[in-house]
Amino acid sequence: MTKIKMTTPLVELDGDEMTRILWQKIKEILILPYVDLKTEYYDLGLPERERTGDKVTSDAAYAIKKYGVGVKCATITPNAQRVEEYKLSKMWKSPNGTVRSILDGTVFRAPVLVDGIKPLVSNWTKPITIARHAYGDVYAGVEAYVPEGGKVYMELPSGEKKLIKEMPSAGVIQGMHNLDASIAGFARSCFNYALSTKQDLWFATKDTISKIYDHRFKDIFAEIYEAEYASEFEKAGIEYFYTLIDDAVARVMRSKGGFIWACKNYDGDVMSDMLATAFGSLAMMTSVLVSPDGKYEYEAAHGTVTRHYYKHLKGEETSTNSVATIFAWTGALAKRGELDHNDALVEFARKLEKATTDTIESGVMTKDLVGLFDKEGVTARGVNSVDFLKAIAERL
Ligand code: NAP
Ligand code: MG
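In the numbering used here, each residue carries its 1-based index in the sequence shown increased by 312.
Encoded structure:
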């Protein structure tokens with residue numbers, strides 16, 4: 313069989329623990345036999361981050377900036393225990409945080425749906441993608457406890473002092489901010505992603521109550537949409553609409569799915585956990601970082617699955633779900649193919665996605681899904697990590 317050729321390299325970011333093991337196996341069993349894979353490889357495994365003083369992480373992010381598309385394996389974000397375990401010279405920062413700060417993007421998370429694993433909300437028949445603004449608001453807030461009460465002000469650069477509250481007794485205060493430039497970047501990432509996936513875009517805030525802060529988000533989205541995207545949306549047959557967050561929540565519950573829900577930082581944090589749970593499993597949730605200038609980094613939403621890795625090290629069999637990591641690869645290959653007008657590559661990526669969901673629908677799956685699976689006439693069978701990949705390969 314002739315392998316599919318690639319013209320531009322994909323930026324490959326390897327990672328840690330169980331997902332690093334799966335990464336290798338996915339390439340070996342599902343990609344390399346079919347694609348003449350061209351990647352620019354960066355090892356973001358913790359030992360290599362330590363060896364390079366974490367330079368490898370920023371190098372990888374700049375490579376994504378250069379080539380446009382990357383695929384990332386889950387990585388350890390070190391804490392005190394990891395510093396000890398890996399004998400680190402420093403508690404290196406979260407690689408995702410580093411990449412995000414260089415690409416300045418928005419994270420989109422979408423579940424992989426399969427027949428047999430039903431969302432808890434029965435009318436959701438298509439995936440709902442959450443787009444979370446990952447800058448500012450309460451995450452960069454300044455807070456204080458005011459034990460005696462008293463007058464609390466906000467002082468502006470103009471010198472104006474605004475009274476927040478004359479507190480009659482003890483209480484708490486909080487100050488937070490966002491930046492026009494960050495909100496605009498968030499808006500463009502959302503509009504670009506809606507166009508690239510041909511889905512409607514919903515955006516909601518609490519602008520009725522927050523007449524300056526949240527209203528600014530609403531206005532920036534509206535201005536950018538009218539000036540830069542309205543005609544493209546019309547051509548693509550998709551819609552952008554803004555509504556109050558309360559109304560959005562009610563509509564999401566009643567919807568069939570199949571759209572992107574853009575959320576402010578806190579809303580996105582909370583709502584993405586609700587959606588992941590309602591759609592079934594974190595191991596079936598994909599994630600892509602999209603920068604305002606249209607660069608893409610695909611990954612799984614889960615971590616390095618440490619507990620399974622220790623079993624693997626002891627020589628025990630694991631049944632770790634590779635679906636989200638496979639879909640990170642297919643998302644990246646399809647995007648690379650689309651940008652390079654490489655139809656064969658796009659087609660292969662779609663075929664691999666279908667082979668993956670078909671495998672589960674036929675009853676072959678990793679053990680985490682067995683308890684969730686319910687399909688008439690099909691009995692769920694839990695297999696080990698590698699046998700699952702081999703079962704998918706049989707359908708390619
Ligand atoms: P995790 O790796 O997502 O795993 C938590 C638990 O969820 C696992 O122990 C497992 O449950 C289940 N699980 C997650 N993914 C699974 C899969 N693919 N197949 C089967 N079961 C799966 O989260 P964590 O244990 O909190 O974090 C481990 C490491 O990952 C940490 O060092 C953290 O820094 C890192 N992390 C990285 C990223 C990223 O790179 N994007 C994201 C989150 C966490 P059972 O043990 O019950 O089977
Ligand atoms: Mg959360």
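Every residue, glycine too, gets a C-beta built ideally from N, C-alpha and C. Predicted model only: the values in this text are computed from it and were never measured.
The ligand NAP heavy atom lying under 7 Å from the CB of residue i
{"i": "Ile341", "result": "no"}
{"i": "Arg619", "result": "yes"}
{"i": "Ala574", "result": "no"}
{"i": "Gly417", "result": "no"}
{"i": "Lys616", "result": "In the sequence as presented, Lys is not what sits at residue 616; that position holds Thr. Yes, the beta carbon of Thr616 sits closer than 7 Å to at least one heavy atom of the ligand NAP."}
{"i": "Thr319", "result": "no"}
{"i": "Leu594", "result": "yes"}
{"i": "Ala386", "result": "yes"}
{"i": "Asp581", "result": "no"}
{"i": "Glu362", "result": "no"}
C-beta contact flag for residue i and residue j at 8 Å
{"i": "Ile495", "j": "Phe529", "result": "yes"}
{"i": "Thr616", "j": "Thr387", "result": "yes"}
{"i": "Arg707", "j": "Thr671", "result": "yes"}
{"i": "Met479", "j": "Gly461", "result": "yes"}
{"i": "Tyr379", "j": "Val368", "result": "no"}
{"i": "Pro604", "j": "Ser508", "result": "no"}
{"i": "Ile485", "j": "Cys575", "result": "no"}
{"i": "Thr517", "j": "Ile550", "result": "no"}
{"i": "Gly487", "j": "Met466", "result": "yes"}
{"i": "Gly357", "j": "Arg394", "result": "no"}
{"i": "Leu415", "j": "Leu601", "result": "yes"}
{"i": "Val424", "j": "Val676", "result": "no"}
{"i": "Thr320", "j": "Arg619", "result": "no"}
Straight-line gap, residue i to residue j (C-alpha atoms, nearest Å)
{"i": "Val695", "j": "His653", "result": "37 Å"}
{"i": "Asp328", "j": "Tyr398", "result": "12 Å"}
{"i": "Gly683", "j": "Leu325", "result": "32 Å"}
{"i": "Asp680", "j": "Ile338", "result": "18 Å"}
{"i": "Tyr457", "j": "Ala482", "result": "8 Å"}
{"i": "Asp686", "j": "Lys430", "result": "8 Å"}
{"i": "Thr555", "j": "Arg662", "result": "34 Å"}
{"i": "Phe660", "j": "Ser584", "result": "29 Å"}
{"i": "Asn490", "j": "Gly448", "result": "5 Å"}
{"i": "Trp514", "j": "Phe503", "result": "10 Å"}
Neighbour-count burial assignment, residue i, 16 or more Cβ in a 10 Å radius
{"i": "Ser593", "result": "buried"}
{"i": "Val383", "result": "buried"}
query = Can you list the alpha helix (DSSP H) stretches of 4 or more residues lying completely in the stretch 523 to 550, in chain order?
reply = 525 to 536, 542 to 548
query = Which ranges would you report for the beta strand (DSSP E) in the stretch 380 to 448 if only whole runs of at least 3 residues count?
reply = 381 to 384, 418 to 423, 440 to 444
key: Runs of alpha helix (DSSP H) lying entirely within the stretch 606 to 646, each at least 4 residues, in chain order   = 618 to 625
task = Just list the alpha helix (DSSP H) runs in the stretch 672 to 703, keeping only unbroken ones of 4 residues or longer that don't cross its boundaries, in chain order.
result = 679 to 682
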